[in-house]
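Everything in the sequence shown is counted per this note's numbering, starting at 718 for the first residue and increasing by one. To start, the structure under review is shown below, and the notes come after it.
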Amino acid sequence: MKSTLFKISSILFLLLVLPIQAFASKTALIYHSNYYDSHTNVKTQLEADGYTVTLSTTGSVHENLFTNNIDGTSGGYDVVYDMKYNNNIGSNGKTRYQNFVQAGGVLILVGENQASYSNTNNTMVAFIENKLGGTVSINGNTTGCSFNCTNNTNSNTITTTNTAVTDSDYGSDVAVYPYGAHFTGDGTWVAKDGNGRIVWMRWSGDQLPSGYTGAAYITFDINQFQSEFDKAKMANLISDTYETILTTPQAGITTSQQTTVNTTRSKTQSGNKIYMTQSGSGIDLDIVQDGDDNLIIGTDLTSAANITGDNIELTIT
């Protein structure tokens, strides 16, 4: 009995000493231009993955996206899909997206073909190069394709995905990529067309400046998200853009907390002890003990337990 109670006491001590982090709700923002159902398809997949999604057609990037909602209230977003393929994100937008990625956010930028939308595309390239320290070179466009794309070919179809990013190689079951830009860069390629040309890329980890904990993706075709062009595995690719980043643990307990844990584990005694420091008002604290030689002691393992606050009811039995 004494051994069992000591283990329970140690667990109680850790719960009292170490801060408990609540699981925050998962949130996402989609900037879009109402291009057919491209944005709603992304929204549907985010919601299927448990995200609360906000849609916006504004032409500018909001400030503090990781901590604030676009209406100015506190909260922020874990994921931002910028699907405004026809809109330049601007110098302020680049800085605000830089701050978002640095803080841990996942950013997906969607451009279009280089012939008609070079202004938007070049802004995306400038963001990667000037704000994130990467390199990008747009090399041309894939071939075009009509709605429902019965004439899709290797040159305008995603045919392979990188298993370092995606759950598996989705092959040619992702999407048609009609008349979108292909490119090279120093990030991690995510998807290629049938000619081996890169159409998706990600920067994360040590590919980003020191201290940046998020990720940034670029791709240059809005149609691939559209029902007439996407395929069964596009939903998987959408999920992979954020799940592979946000499900990776980014932090652990602090050094001082680990020292406390180690000290507690090495403490031995033959009786039962509860280690406790509590502060706050209006609590009802009940401690039930069993057997003899029981002791309530402070968190430094030597001093008396300390309870501070007003209107505290303490019952020890």
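Glycine included, each C-beta is placed from N, C-alpha and C at the ideal position.
*For residue 748, which residues from the same chain have a beta carbon less than 6 Å from its beta carbon, with the 5 sequence-adjacent residues on both sides left out?*
Only residues of its own chain outside the window of five on either side were considered, and among them 773, 799, 801 have a CB closer than 6 Å to the CB of residue 748, listed in chain order.
*Between the beta-carbon of residue 864 and the beta-carbon of residue 933, is there less than 9 Å?*
No; because the gap between Cβ atoms is not below 9 Å, this pair is not in contact.
_Cβ pair count under 8 Å reaching 3, the region 828-837 against the region 869-888_ = No, because fewer than three Cβ pairs between the region 828-837 and the region 869-888 fall closer than 8 Å, the two stretches do not touch.
*In terms of residue numbering, what span does the alpha helix (DSSP H) encompassing residue 814 cover?*
Here the alpha helix (DSSP H) through residue 814 covers 807-820.
*Excluding the 5 residues preceding and the 5 following residue 740 in the sequence, name in chain order all residues of the same chain whose CB lies nearer than 7 Å to its CB.*
Confidence at residue 740 is low in this model, with a pLDDT of 45, below 50, so the placement of that residue should be treated as unreliable; the coordinate-derived value is given next. Cβ neighbours of residue 740 beyond the five flanking positions: none.
*Just reading off the beta strand (DSSP E) that residue 956 is part of, what are its end residues?*
Looking at the DSSP string, residue 956 is not in any beta strand (DSSP E); the run it does join, the alpha helix (DSSP H), is 951-963.
*asked:* Short of 7 Å in beta carbon distance, which residues of its chain neighbour residue 968, apart from the five on each side in sequence? Order them along the chain.
replied: Unreliable positioning characterises residue 968 in this predicted model, as indicated by a pLDDT of 48, which lies under 50. The coordinate reading is nonetheless provided below. Shown here for residue 968: not one same chain residue has a beta carbon closer than 7 Å to its own, the five before and five after excluded.
*Can residue 891 and residue 826 be called in contact, C-beta distance under 9 Å?*
The criterion of a C-beta distance shorter than 9 Å is not satisfied by residue 891 and residue 826.
*asked:* Does the structure place the region 775-790 close enough to the region 757-764 that three or more beta carbon pairs sit under 8 Å?
replied: Output reads no: the region 775-790 does not touch the region 757-764.
*Comparing alpha-carbon positions, which option in 909, 854, 942, 875 lies nearest residue 900?*
Ranking 909, 854, 942, 875 by Cα distance to residue 900 puts 854 first.
*Using alpha carbons as the reference points, say which of 941, 956, 1029, 960 lies closest to residue 754.*
When only C-alpha atoms are compared, the closest one is 941.
*residue 1030 by DSSP, collapsed to three states: which one?*
It is a strand residue.
*Could you round the C-beta distance between residue 823 and residue 931 to whole angstroms and report it? I think they count as a contact, below 8 Å.*
Contact holds; Cβ gap of about 6 Å.
*Report yes if the CB atom of residue 859 is closer than 9 Å to the CB atom of residue 873, and no otherwise.*
Yes; because the gap between Cβ atoms is below 9 Å, this pair is in contact.
*Run through the region 849-920 for me and flag every whole alpha helix (DSSP H) of 4 or more residues, listed as ranges in chain order.*
List check, alpha helix (DSSP H) in window: nothing returned.
*Nearest-angstrom Cβ-Cβ length linking residue 714 and residue 861, presumed shorter than 8 Å*: It is not possible to answer for residue 714, since the shown part of the chain is limited to 718 through 1034.
*Under the three-state DSSP convention, the category residue 1023 falls into*: Under the three-state reduction of DSSP, residue 1023 is assigned to strand.
*residue 796, DSSP secondary structure in three states*: Reduced to three states, the DSSP call for residue 796 is strand.
*Bounding residues of the beta strand (DSSP E) (the contiguous stretch that carries residue 770)*: Per DSSP, residue 770 belongs to the beta strand (DSSP E) from 769-773.
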